[in-house]
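Going left to right, the sequence shown walks through residues 189 to 642 as the working numbering numbers them.
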Amino acid sequence: MQIHPLFFVLFGFIGVFSGRLLFRHWFNHLTLYSAIWGTGLALFEWRLIDYTPLTLEVWMIILYAWLAFALGSTMLMLAPAAAGIPDNASRSGATSSVRSSLSVLEQRLFVIAILALSTVALLAVLYQWKHLIEKFGGIIGVLINGRTIYSMTVAGKLSDKIPYLDSLSLAAVFLTGLYSARAGKVKGIIIFPLAAAILGDIAQGGRVKILLSGLLFLSAYFLTKHASSHIKNFRPASKVKQILALGFLLAFLWSAAEFVRSYRGAVERFYGASTALNKLEKQAFITPSIYLYLSSHVGVFNAYWKAGGEPSFPGATTFAPVYRILSRLGIADETPYFQKFYNIPIATNTGTYLREIHSDYGIAGILVTPFLLGFLCTVLWIQVKKRMHFATIALLAHFYVVVMFTFLYQVTRLGELAVCLIVSLTISTLIHLKCHGHFNLFEPHRPGGNLSHP
Numbered sequence: 189m190q191i192h193p194l195f196f197v198l199f200g201f202i203g204v205f206s207g208r209l210l211f212r213h214w215f216n217h218l219t220l221y222s223a224i225w226g227t228g229l230a231l232f233e234w235r236l237i238d239y240t241p242l243t244l245e246v247w248m249i250i251l252y253a254w255l256a257f258a259l260g261s262t263m264l265m266l267a268p269a270a271a272g273i274p275d276n277a278s279r280s281g282a283t284s285s286v287r288s289s290l291s292v293l294e295q296r297l298f299v300i301a302i303l304a305l306s307t308v309a310l311l312a313v314l315y316q317w318k319h320l321i322e323k324f325g326g327i328i329g330v331l332i333n334g335r336t337i338y339s340m341t342v343a344g345k346l347s348d349k350i351p352y353l354d355s356l357s358l359a360a361v362f363l364t365g366l367y368s369a370r371a372g373k374v375k376g377i378i379i380f381p382l383a384a385a386i387l388g389d390i391a392q393g394g395r396v397k398i399l400l401s402g403l404l405f406l407s408a409y410f411l412t413k414h415a416s417s418h419i420k421n422f423r424p425a426s427k428v429k430q431i432l433a434l435g436f437l438l439a440f441l442w443s444a445a446e447f448v449r450s451y452r453g454a455v456e457r458f459y460g461a462s463t464a465l466n467k468l469e470k471q472a473f474i475t476p477s478i479y480l481y482l483s484s485h486v487g488v489f490n491a492y493w494k495a496g497g498e499p500s501f502p503g504a505t506t507f508a509p510v511y512r513i514l515s516r517l518g519i520a521d522e523t524p525y526f527q528k529f530y531n532i533p534i535a536t537n538t539g540t541y542l543r544e545i546h547s548d549y550g551i552a553g554i555l556v557t558p559f560l561l562g563f564l565c566t567v568l569w570i571q572v573k574k575r576m577h578f579a580t581i582a583l584l585a586h587f588y589v590v591v592m593f594t595f596l597y598q599v600t601r602l603g604e605l606a607v608c609l610i611v612s613l614t615i616s617t618l619i620h621l622k623c624h625g626h627f628n629l630f631e632p633h634r635p636g637g638n639l640s641h642p
């Protein structure tokens, strides 16, 4: 069954603008989900690769999940209006525990935390580089064997690394996003955690840390910026300067990802590719492999569904890091780091988050998870807007990463993100306690009055 790409462009626009109207900011989970899925589905149906058409069942699942996520996202926002409560009344009692602009102490703590995490991550990455240089006879040898290194990573044969220490760079990136928003401008210290993340990805022939770094920084930056608008003496840099700084940062990350793609020798000729797609082979921005990466995932889910799925123990892929720990204790089977490949007609292995939640929980997972994800994002959004706790921002930023990965796969299967979440929550909580006093993550709302803070 085929659907015209413009349908998804229109559907995506409706979701994007609905999110903007409800949440009053462009950067919100409904807008992000709609933009990503609308773009991805439109690209898939553009048919620059002769993908196997999606079945009617798969289309129904995709559209249901989209609507369920939208319902979960909007229910709490629409409930006051449905009950006849004015919008300003529903927002009354909002009292932030952060009532001042960035202090010298807070700035010092952010810088110390970012540099400490970046240093540990960089040392772990350099340790891995040391072994690669010994194995391939120098830095040049490493760079010309990118495809071999990537193949070893996929096969699980690249064992010369200290597990998860390089993931601390992701927590440092998150903290830099929070710090930059508090300071009102993108801080140059971002270069240290990004260097560790990029060098770590090059050492494995991957791009996931580069992508996670960009998403974590943007989530932390915009969520903190939106929540800081009420703070006295908060004077962010001009919008032009902010846009230029963010644009430069994203261009830098894109260039790093492109370098990794070239370094590992990405294939740009695919079976079933159209003539128009093949003409893009030597382009720097939209190449056949990038088109495949942006569009193929629903095709993999379709192939997975037609094959009858891959039933697993509940939560085995969604919470793969936990199961990997349990497997080392002999309690559970280990969850593979990479998923099974399907020919669509090109061999690809990432099949949207719907693949993992169906594998773990069956049809019940598909019925419940999208709604629950949208609902929890809105709960955290309201808490961030009302009280701006650093820990709540950390939690919501990681939820936003999950949302932005839904078209690729269930990103919670990555141990790197789990480590990042734990470290980000811990350090952001400690900084908040030191600079802004005690708080509860979810403080009860007291009708008719403000919340008290020590």
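All C-beta atoms in this analysis are idealised placements derived from N, C-alpha and C, irrespective of residue type, glycine included.
Using only the alpha-carbon positions, how far apart do residue i and residue j sit?
i: residue 501; j: residue 531; result: 25 Å
i: residue 328; j: residue 300; result: 34 Å
i: residue 664; j: residue 393; result: Residue 664 cannot be examined here, being either before or after the span of the chain that is shown, 189 to 642.
i: residue 261; j: residue 587; result: 13 Å
i: residue 389; j: residue 493; result: 31 Å
i: residue 482; j: residue 592; result: 12 Å
i: residue 453; j: residue 495; result: 31 Å
i: residue 656; j: residue 508; result: In the structure as shown, the chain starts at 189 and stops at 642, and residue 656 therefore has no counterpart that could be examined.
i: residue 556; j: residue 491; result: 22 Å
i: residue 341; j: residue 386; result: 16 Å
i: residue 459; j: residue 323; result: 34 Å
i: residue 367; j: residue 298; result: 6 Å
i: residue 381; j: residue 479; result: 29 Å
i: residue 312; j: residue 398; result: 17 Å
i: residue 615; j: residue 510; result: 22 Å
i: residue 602; j: residue 391; result: 18 Å
i: residue 447; j: residue 489; result: 29 Å
i: residue 219; j: residue 199; result: 11 Å
i: residue 547; j: residue 316; result: 34 Å
i: residue 319; j: residue 605; result: 25 Å
i: residue 597; j: residue 558; result: 13 Å
i: residue 533; j: residue 568; result: 40 Å
i: residue 376; j: residue 236; result: 40 Å
i: residue 554; j: residue 259; result: 14 Å
i: residue 545; j: residue 337; result: 30 Å
i: residue 401; j: residue 203; result: 26 Å
i: residue 525; j: residue 549; result: 19 Å
i: residue 513; j: residue 523; result: 10 Å
Taking only three categories from DSSP, how would you classify residue i?
i: residue 594; result: coil
i: residue 461; result: strand
i: residue 262; result: helix
i: residue 575; result: helix
i: residue 374; result: coil
i: residue 350; result: coil
i: residue 586; result: helix
i: residue 467; result: coil
i: residue 490; result: helix
i: residue 635; result: Any reading at residue 635 needs caution, since the residue's pLDDT is 39, under 50, leaving its predicted position unreliable; the model's value is listed next. Three-state result, residue 635: coil.
i: residue 289; result: coil
i: residue 202; result: helix
i: residue 213; result: coil
i: residue 385; result: helix
i: residue 345; result: coil
i: residue 624; result: helix
If I measure Cβ to Cβ from residue i and keep anything under 6 Å in the same chain, skipping five residues before and after, which residues do I get?
i: residue 365; result: 405, 408, 409
i: residue 565; result: 217, 587
i: residue 617; result: 579
Residue j and residue i - do their beta-carbons sit closer together than 7 Å?
i: residue 619; j: residue 412; result: no
i: residue 360; j: residue 306; result: yes
i: residue 363; j: residue 302; result: yes
i: residue 290; j: residue 370; result: yes
i: residue 193; j: residue 233; result: yes
i: residue 252; j: residue 487; result: no
i: residue 445; j: residue 374; result: no
For residue i, collect the residues of the same chain with a Cβ closer than 7 Å to its Cβ; drop the 5 residues on either side in sequence, then sort them by chain order.
i: residue 595; result: 224, 225, 228, 485, 540
i: residue 331; result: 451
i: residue 334; result: 393, 451, 452, 453
Within its chain, find whatever has a CB closer than 8 Å to the CB of residue i; leave out the 5 residues flanking it on each side and keep chain order.
i: residue 535; result: 529
i: residue 293; result: 622, 623
i: residue 308; result: 353, 356
i: residue 247; result: 189, 191
i: residue 570; result: 264
The ligand COA and residue i: does any heavy atom of the ligand fall closer than 6 Å to the residue's C-beta?
i: residue 335; result: Because no ligand of any kind appears in the structure shown, any question about the ligand COA cannot be addressed here.
Kindly say whether residue i, judged by its beta-carbon, lies nearer than 7 Å to any beta-carbon of chain B.
i: residue 325; result: Absent from the structure: chain B. Only one protein chain is present.
*Which runs of the alpha helix (DSSP H) spanning at least 4 residues fall entirely within the stretch 494-557, listed in chain order?*
508-516
*Can you list the alpha helix (DSSP H) stretches of 4 or more residues lying completely in the stretch 231-256, in chain order?*
As far as the stretch 231-256 is concerned, it has no whole alpha helix (DSSP H) run of at least 4 residues.
*At which residue ranges does the stretch 391-447 contain complete alpha helix (DSSP H) runs of 4 or more residues, listed in the order of the chain?*
Complete alpha helix (DSSP H) runs here, min 4: 396-415.
*With a floor of 4 residues, list each alpha helix (DSSP H) that falls wholly inside the stretch 296-333, ordered by position along the chain.*
327-331
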